[in-house]
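Beneath this line is the structure, given in structure tokens, with notes to follow.
Residue numbers (the working numbering): 4 to 81.
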């Protein structure tokens with residue numbers, strides 16, 4: 004059970020670090036959500052925003068990061 008606790012603390016620290024980056028340097032991620040392929044529709048008081056490309060980048064980053072972490076953990080456990 005202590006292994007789960009370590010993972011939760013590590014994930015919490017990563018989330019806190021990401022939050023601090025967004026708080027202290029908001030211009031660092033100013034491009035996010037304004038990429039070509041992020042759809043915006045505005046009509047008579049109605050706004051619809053569909054961040055397709057931004058979410059594809061998030062998905063790709065999370066997939067690569069998780070696969071790398073699992074690969075490293077599998078290598079360490081041998």
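Beta carbons are placed, not taken as given, at the ideal position from N, Cα and C, and that holds for glycine.
The stretch 27-38 in contact with the stretch 53-69 per 3-pair CB rule at 8 Å: yes
Expected contact under 8 Å - CB spacing of residue 25 and residue 32 to nearest Å: Along the chain shown, read from residue 1 onward, the residue named residue 25 stands at position 22. Along the chain shown, read from residue 1 onward, the residue named residue 32 stands at position 29. The pair is a contact, with the Cβ atoms about 6 Å apart (cut-off 8 Å).
Residue from 80, 18 and 34 with nearest C-alpha to residue 58: Within the chain shown, the letter at position 55 stands for residue 58. Per the C-alpha coordinates, the member of 80, 18 and 34 positioned closest to residue 58 is 34.
C-alpha gap between residue 13 and residue 50, whole angstroms: Along the chain shown, one-based indexing puts residue 13 at 10. Along the chain shown, one-based indexing puts residue 50 at 47. Distance between the alpha carbons of residue 13 and residue 50: 38 Å.
For residue 81, the three-state DSSP class (helix, strand or coil): As a working note, residue 81 is residue 78 in the chain shown. In this structure, residue 81 counts as coil in the three-state DSSP scheme.
Residue 129 to residue 66 span [Cα, whole Å]: In the structure as shown, the chain begins at 4 and stops at 81. Residue 129 is therefore absent and cannot be evaluated.
Beta-bridge pairing of residue 45 - partner residues as DSSP gives them: Here residue 45 corresponds to residue number 42 of the chain shown, with the count starting at 1. Beta-bridge pairing links residue 45 to 50.
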